[in-house]
């Protein structure tokens, strides 16, 4: 919800020191962060084949498909295949979905231009809302929370944006801490500079 990044190098160092497993849920990093969209591990330069890593990602965001995956050592995967009840009793993915995912992976691997565009949109949003009453969190990602504070005010602003053709959900406690209700702006490579300008202008008017 904050658009922040977990300090993976430090967490991995702790896992190494105390002989622990490190589980990484990279739902928003996979396909977006790191070299060729390979995720948060690549972003931080952590070797993905370390034996104590359990890497999870969704296929319903950057990959544009559905489902999710777990990656790790051969021993880990075999153990999950044999012991994870949620996997054992899950219906297998269809061949059509598998083909769609293969195409998505090709697009992700060759998607540097899309990722550059996404970073430009993020910078445009942050620059456009500078020196306004709207406080942006220090997010280096495409998730840009605009802190409103009051629950009712967050709903009011989200409603006003919706009337202007902009869907930006209001996130309130208990999803976020009390007093930090916010608008959760989620930028994608499918957005244009015109879309971001429309949002910036609307928020500046509402300020």
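In my numbering, the protein residues as written are 8 to 214.
For every residue, glycine included, the Cβ atom is placed at its ideal position computed from N, Cα and C.
Local conformation of residue 19 per DSSP, three classes: Position 12 of the chain shown, counted from the first residue, corresponds to residue 19. In the structure shown, residue 19 falls within a helical segment according to DSSP collapsed to helix, strand and coil.
DSSP beta-bridge partners of residue 193: On the chain shown, residue 193 is found 186 positions in, with the first residue counted as 1. Per the DSSP secondary-structure output, residue 193 pairs in a beta bridge with 150.
Segment contact, 8 Å Cβ cut-off, at least three pairs: the segment 12-32 with the segment 60-76: Yes, the segment 12-32 is in contact with the segment 60-76.
Cβ pair residue 125, residue 110 closer than 7 Å: The residue you call residue 125 lines up with position 118 of the chain shown. The residue you call residue 110 lines up with position 103 of the chain shown. No, the pair does not count as a contact, with Cβ atoms beyond the cut-off.
Same chain, Cβ closer than 6 Å to residue 51, neighbours up to 5 away in sequence not counted: Residue mapping note: residue 51 aligns to position 44 of the chain shown, counting from 1. Excluding five sequence positions before and after residue 51, the CB atoms of its chain that fall closer than 6 Å to its own CB belong to 15, 16, given in chain order.
Residue 134 - containing alpha helix (DSSP H), residue span: By 1-based counting over the chain shown, the position of residue 134 is 127. Residue range 119-135 is occupied by the alpha helix (DSSP H) that includes residue 134.
Boundaries (first-last residue) of the alpha helix (DSSP H) holding residue 12: Translated into positions along the chain shown, residue 12 becomes position 5. Counting along the chain, residue 12 falls outside any alpha helix (DSSP H), and DSSP gives it neither H nor E.
C-beta atoms of residue 162 and residue 209 nearer than 7 Å: Here residue 162 is taken as the residue at index 155 of the chain shown, counted from 1. Here residue 209 is taken as the residue at index 202 of the chain shown, counted from 1. No, the pair does not count as a contact, with Cβ atoms beyond the cut-off.
Environment of residue 84 [buried if 16+ CB atoms lie within 10 Å]: Numbered from its first residue, the chain shown carries residue 84 at position 77. The residue is exposed, with fewer than 16 neighbouring Cβ atoms inside 10 Å.
Sequence-distant residues of its chain with Cβ nearer than 7 Å to residue 154 (five each side left out): What you label residue 154 is simply residue 147 of the chain shown in a count that begins at 1. So the list reads 142, 144, 187, 189, once near-sequence residues are dropped.
Cutoff 7 Å; reference residue 9; Cβ partners in own chain excluding five residues on either side: Position 2 of the chain shown, counted from the start, is the residue given in the question as residue 9. Excluding positions up to five away in sequence, the list reads 144, 146, 152.
Simplified DSSP state of residue 156, which is helix, strand or coil: Here residue 156 refers to the residue found at position 149 when the chain shown is read from its first residue. Looking at residue 156 - three-state DSSP - the assignment turns out to be strand.
Bridge-paired residues (DSSP) for residue 64: One-based indexing of the chain shown puts residue 64 at position 57. 76.
Any non-hydrogen atom of the ligand HEM within 6 Å of residue 71 CB: Ligands in the displayed structure: none, and consequently the ligand HEM is not present.
Residue 30 in three-state terms, based on DSSP: Taking the first residue of the chain shown as position 1, residue 30 is located at position 23. Looking at residue 30 - three-state DSSP - the assignment turns out to be strand.
Assigned secondary structure, residue 140 (DSSP; H/G/I helix, E/B strand, else coil): Translated into the one-based positions of the chain shown, residue 140 becomes position 133. In the structure shown, the three-state DSSP call for residue 140 is coil.
Residue 105 versus residue 139: straight-line alpha-carbon distance, rounded: Here residue 105 refers to the residue found at position 98 when the chain shown is read from its first residue. Here residue 139 refers to the residue found at position 132 when the chain shown is read from its first residue. Answer to the nearest angstrom: the Cα atoms are 46 Å apart.
Beta-carbon proximity check, residue 114 vs residue 198, cutoff 7 Å: On the chain shown, position 107 is the one that residue 114 refers to. On the chain shown, position 191 is the one that residue 198 refers to. Using a Cβ distance threshold of 7 Å, residue 114 and residue 198 do not count as a contacting pair.
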